[in-house]
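In mature numbering (1 follows the signal peptide of the UniProt record, and there is no 0), the protein residues as written are -24 to -1, 1 to 298.
Note that CB positions come from ideal geometry on N, CA and C, so glycine has one too.
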């Protein structure tokens, strides 16, 4: 009997000796003691930047999406390119992100008050929530405690979902990040405060296929208006493009209403109406903004939890590895 007890205790001790301490889970109150003013500083920085440049909300929301989709939410999108490596921010899909200065500004302020405490990854996640709320969208508690990544490669941006994707490709891309079909349609609604360069949709406007010059799923009058915004002779300027719904400065459900009218700017947007797996979700959100807001907050938390690093470094400079 005594031997059996000794054996059990030995086995228990062995398990604890082998098992590594579990990493702390992300927590909405992570900075309550170490940097209680963190969210206030980020909100004020984002608010001031938005007053100066109305395109900031769309760019910061896209920054969050693109960052989380590559290596998890680790702020790798902020790192500058080096002589030997081209970074994510210089990859083709990220050329239109911009507004990195907003995160840099917030980070500098945080370093003065709470040095080496708040990660750049958390700053991006909080800023993404704030631009949604400031634009009239939902509020949610951002779970915090991420650490910053050390690797950033431009060639990995090929893994971002493209504006030409069909529904099956979109579902596969989001599923690889632990996101459902509903999450995919919901997060696509972030385009409600979006802007797109001509290069992302001009293929839908001319020589679309052997049988159609213009993508037949696109409202004809809408297509003609986009052609005027993106003339072949002059569509390479950084401001050449269009907003992604008719209320681009307001976070609402107009994006889904646009899709029902054949006015989705991206092929990937309009494709959501043509597939039974996603059509019902588009229709639901088009008539029920509260449902969209509720699901968007939930899906943003899920995306924000994907592949996060809970051990590692907190960058002092958002552009450089420590």
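Check                                                                                                              : Outcome
Bridge partners - residue 218, DSSP secondary structure assignment                                                 : 172
Identified DSSP bridge partners for residue 200                                                                    : Paired residue(s): none; residue 200 is not in a bridge.
C-beta contact flag for residue 3 and residue 121 at 9 Å                                                           : yes
Proximity winner among 208, 221, 260, relative to residue 183 (alpha-carbon distances)                             : 208
Residue 177 CB to nearest heavy atom of the ligand MG below 8 Å                                                    : By its list of ligands, the structure shown contains no ligand whatsoever, and the ligand MG lies outside what it can speak to.
Per DSSP, cross-strand counterpart(s) of residue 289                                                               : 124
Proximity winner among 228, 78, 131, relative to residue 61 (alpha-carbon distances)                               : 131
Residue of 241, 92, 111, 52 minimising C-alpha distance to residue 206                                             : 241
Boundaries of the alpha helix (DSSP H) in which residue 40 is found, first to last residue                         : 32 to 47
9 Å Cβ cutoff met for residue 235 and residue 158                                                                  : no
Proximity winner among 125, 118, 172, 220, relative to residue 8 (alpha-carbon distances)                          : 118
Buried versus exposed, by CB contacts within 10 Å (16 or more), residue 296                                        : exposed
First and last residue of the uninterrupted alpha helix (DSSP H) at residue 194                                    : Per DSSP, residue 194 belongs to no alpha helix (DSSP H) and is neither H nor E.
Beta carbon of residue 27 nearer than 9 Å to that of residue 103                                                   : no
Contact belief for residue 107 with residue 30 at Cβ below 8 Å, rounded distance in angstroms                      : The pair is not a contact, with the Cβ atoms about 11 Å apart (cut-off 8 Å).
Outcome for residue 168 when other beta-carbon atoms lying within 10 angstroms are tallied against a minimum of 16 : buried
Through-space distance from residue 24 to residue 252, alpha-carbon basis                                          : 42 Å
Secondary structure, alpha helix (DSSP H): runs of 4+ residues fully inside the stretch 89 to 166                  : 96 to 110, 143 to 151, 157 to 164
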